[in-house]
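Encoded as structure tokens, the structure appears first; notes follow it.
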Amino acid sequence: MDLKVTSTEFVRRSVRGYTLVEVMVVMPIALLCLTVLLSVASFASRSFHALANYSDISSKNRLAENTMVRELRQAIRVASFTTNSLVLIDGSGTAVTYTFDAGNKTLTRERNGTTTTLLTHCDEFQFSLGERNPVGGTYDVYPSASAATAKVIDISWRCSRDLLGVMRNSESVQTARIVIRKQDI
0 MDLKVTSTEF
10 VRRSVRGYTL
20 VEVMVVMPIA
30 LLCLTVLLSV
40 ASFASRSFHA
50 LANYSDISSK
60 NRLAENTMVR
70 ELRQAIRVAS
80 FTTNSLVLID
90 GSGTAVTYTF
100 DAGNKTLTRE
110 RNGTTTTLLT
120 HCDEFQFSLG
130 ERNPVGGTYD
140 VYPSASAATA
150 KVIDISWRCS
160 RDLLGVMRNS
170 ESVQTARIVI
180 RKQDI
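Heads up, the sequence shown is in numbering that gives the first Met the number 0, so the first residue is 0 and it goes up one at a time.
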């Protein structure tokens with residue numbers, strides 16, 4: 000038994016399109032949903048890149064700090080210093096130089112003629128020297144009169160990078176106070 004639809008009304012109703020009123024109601028709703036979706040995607044993308052950028056800055060700061068702390072603790076003495084340069088003599092008698100170049104925003108380490116860049120995108124960097132004795136009632140130490148009497152080295156720096164052309168990620172100021180352990184004073 001074959002059933003055939005002979006009604007033209009059923010055929011006409013099944014192929015009919017949307018009316019102008021239906022399109023006018025649906026289009027703003029669809030555009031609003033699309034705008035919200037694109038805004039959320041843009042925010043998520045910027046947040047992901049900012050987090051990755053911050054994580055990279057933090058990782059490089061830790062690596063540079065670990066390198067400096069290891070060498071400064073094992074130094075025999077400080078040969079010379081300025082606020083942006085430090086020369087120390089390591090256990091084998093070799094000079095190790097740390098230099099901050101404000102123009103290039105880099106901190107470099109030189110040993111035996113080999114230069115290594117420890118930090119990039121470094122906005123500020125400063126060395127200061129102190130003596131072993133703490134100032135009464137504080138955690139500060141007396142400033143060192145010369146490099147020869149220095150027992151404590153304070154370092155502080157701040158690195159930052161721009162994200163999509165805007166300065167977004169700034170690592171808070173990093174500080175370290177290192178005591179020279181092998182010094183023979």
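Beta carbons are placed, not taken as given, at the ideal position from N, Cα and C, and that holds for glycine.
Helix, strand or coil at residue i [DSSP, three-state]
| i | result |
| --- | --- |
| Arg160 | strand |
| Thr137 | coil |
| Arg45 | helix |
| Arg176 | strand |
| Ala146 | helix |
| Asn132 | strand |
| Ala101 | coil |
| Arg69 | helix |
Alpha-carbon to alpha-carbon, residue j and residue i
| i | j | result |
| --- | --- | --- |
| Tyr141 | Thr119 | 31 Å |
| Ile177 | Thr93 | 19 Å |
| Leu36 | Leu30 | 10 Å |
| Gly136 | Thr82 | 26 Å |
| Ser155 | Leu117 | 14 Å |
| Ala74 | Ala49 | 37 Å |
| Tyr138 | Ala43 | 43 Å |
| Arg157 | Ser57 | 11 Å |
| Asp100 | Asp122 | 10 Å |
| Thr18 | Met26 | 12 Å |
| Thr113 | Leu33 | 55 Å |
| Glu21 | Ser46 | 38 Å |
| Pro133 | Lys181 | 19 Å |
Residue burial classification, residue i (beta-carbon count within 10 angstroms, cutoff 16)
| i | result |
| --- | --- |
| Arg69 | exposed |
| Asn103 | exposed |
| Asn60 | buried |
| Ile152 | buried |
Supposed contact pair residue j and residue i - C-beta distance, whole angstroms, cut 8 Å
| i | j | result |
| --- | --- | --- |
| Leu71 | Ile179 | 6 Å |
| Asn52 | Leu128 | Not quite, the Cβ-Cβ distance comes to about 33 Å (not below 8 Å), so this is no contact. |
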